[in-house]
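Numbering (the working numbering), first residue to last: -17 to 352.
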C-alpha cells in the first residue's frame, strides 16, 4: 500500500503536476493526502488526518513566505503512525510529464464568461489585476459573468453566478468545475484555475502584461522569477487557449472576438501561415480562424496572421537597482571621458545621455567600469 503525502504548495502545481502523477500511480486501497474539499480532483477521497497539519500551518491557504519548517516531518510521522507498513511517497519535480487525470466531471453550468480573480495573502504582482472593472465591462455588454475559485479571492467582483454558491458543504472545487465546463470562454491569469480550464478543455484566454511574457520567467514575488506555464495550458487544452497581452481594453476585445466570430478549424499551420484567411473554405467576413497544434496556434484575421508559439524565450534583462544606478552615475561623473555639456560618454559614441544609459538593463560601460 502507498500513502501519497499531501502537496501543500501552489494550486497550479497541484493541478498540472501533482494530480497527474497521483492518478498514474494510484492503486485501489492506497491512501491519499490532500485537501478533502478538493476530493473531486482525486481518484479517492483524501484522508483528512493528513491535511490537518497543513491547515494548521497555512490557515489562509499556502503562503510562500511561511516556511513549512517541520510540516513535512509531521506528515511523515502521522502517516507512519496510522499506516506503519505503507510506502510513503511525495511528489517531486523531475521533468516527467503525465497524461491528464481522468477526473469525474460534474454537469456544466451555462455562463458566457468565467473569471478567476486571484488575491493571495502575500505580496504578488498577480494580485493587482482589476477584476471588478473587467466584470463590470463584460456585464455592460450583456454577457453573463461567473466567478471561479473562492469567495475570499473575489471580494467586490460583480457576477451572475459564483462557484462557491454551487458547491456542496465541504466541497470547494465542484462549483468551479461546473462553471468552467459551462463557460463559453474562461479568463484567467497564469494560475491554477487556468490549468483547470485547460484540463476540462474550455476555450480560454490567459492574461499577461506584454507579448512574450507567456514564454518567459516573470518576477512576481519579492524579486523571485517564476516560470510562466502558458505552454502547459496550451498543450492540455484540446479546444482553444490563447494569450491576451495588456489590460481591460485588450481583454474585452479578445473576449468579444472569441464569443462572436472565432472558429477553430483543422489544418497544418505550416501550410496556412503564409496564406490569407479568405482562402479558408467556408470563411465569411469578419470571421477569425484559428488553427491549433499542441505547441502553437495560428490566428488568422483579415488584418493578417498571428503565430502564437509556446517555445521558451530568454528572460527579459533585469533593470538595475537604485543602488546600482547611483554607482553607475558616480562612476560616469568621475570618468575623464564624461562630457558634462551634453551628458554623454565620449568613448561610447551613442546618442543616449548618461541619465538614460545608467538605467538601462542592457547598457554597459564601454570602458568596463560597469
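Ideal Cβ positions, reconstructed from N, Cα and C, are used throughout, including at glycine. Being a predicted model, the structure only gives us computed values, none of them experimental.
- Put simply, the segment 125 to 141 does not touch the segment 44 to 55. Fewer than three CB pairs are less than 8 Å apart.
- Runs of the alpha helix (DSSP H) lying entirely within the segment 42 to 82, each at least 4 residues long, are 53 to 64 in chain order.
- With fewer than three CB-CB distances shorter than 8 Å, the segment 178 to 186 does not count as touching the segment 195 to 202.
- When the five nearest sequence neighbours on each side are left out, the beta carbons in the same chain lying within less than 8 Å of the beta carbon of residue 121 are those of 127, 140, 142, in order along the chain.
- With a contact defined as Cβ atoms closer than 8 Å, residue 97 and residue 113 qualify at about 6 Å.
- Beta bridge pairing from DSSP links residue 266 with no other residue.
- Beyond the five residues adjoining it in sequence on each side, residue 244 comes within less than 7 Å, by CB distance, of 270, 272 in the same chain, given in chain order.
- Judged by beta-carbon spacing, residue 14 lies beyond the 8 Å limit of residue -10, meaning their Cβ atoms are not closer than that value.
- DSSP assignment within the segment 276 to 317 yields the following whole beta strand (DSSP E) runs of 3 residues or more, N-terminal first: 278 to 283, 286 to 291.
- The shortest C-alpha to C-alpha distance from residue 81 to any of 181, 44, 163, 165 is the one to 181.
- Around the C-beta of residue 6, fewer than 16 other C-beta atoms lie within 10 Å, and the residue is accordingly described as exposed.
- Here residue 332 is exposed. Its C-beta has fewer than 16 other C-beta atoms within 10 Å.
- Taking the Cα positions, residue 172 is about 26 Å away from residue 33.
- Secondary structure note for residue 256: it is in no alpha helix (DSSP H), with a DSSP letter that is neither H nor E.
- The shortest C-alpha to C-alpha distance from residue 59 to any of 3, 46, 17, -12 is the one to -12.
- Between residue 285 and residue 262, the alpha-carbon positions lie close to 15 Å from each other.
- Going by beta carbons, residue 279 and residue 224 fall inside the 8 Å limit.
- Non-local beta-carbon contacts of residue 228 in its own chain, meaning distances under 8 Å to residues more than five positions away in sequence, involve 191, 192 in chain order.
- Counting C-beta pairs closer than 8 Å gives three or more between the segment 308 to 315 and the segment 333 to 342, which meets the contact rule.
- Taking C-beta atoms under 8 Å as the contact rule, residue 336 and residue 318 fail to qualify, at a distance of about 14 Å.
- Listed in chain order, the non-local C-beta contacts of residue -6 below 6 Å within the same chain comprise 173, 174, 177, local neighbours out to five positions each way being set aside.
- Residue 37 is classed as exposed because its beta carbon has fewer than 16 other beta carbons within 10 Å across all chains shown.
- Residue state for residue 226 is assigned as strand, using DSSP reduced to three classes.
- Following the DSSP letters along the chain, one finds residue 220 in no alpha helix (DSSP H), marked with neither H nor E.
- A check of alpha carbon separations from residue 294 across 195, 242, 111 identifies 195 as the nearest.
- Counting of Cβ neighbours within 10 angstroms places residue 94 among the buried residues, the total reaching 16 or more.
- Bounds of the alpha helix (DSSP H) holding residue 37 are 34 to 39.
- Residue 164 and residue 345 have their alpha carbons spaced roughly 50 Å apart.
- Residue ranges of uninterrupted alpha helix (DSSP H) with 4 or more members, entirely inside the segment 85 to 166 and ordered along the chain, are 113 to 122, 145 to 148, 156 to 164.
- Per DSSP, residue 2 is one residue of the alpha helix (DSSP H) stretching across 1 to 7.
- Here DSSP, grouped into helix, strand and coil, assigns residue 170 to strand.
- Here residue 135 is buried: its Cβ has 16 or more other Cβ atoms, across all protein chains shown, within 10 Å.
- The three-state reading of DSSP puts residue -4 in helix, counting H, G and I together.
- Collapsing the DSSP output to three states places residue 197 in a helix.
- If you check the CB distance, residue -16 and residue 69 come in under 8 Å.
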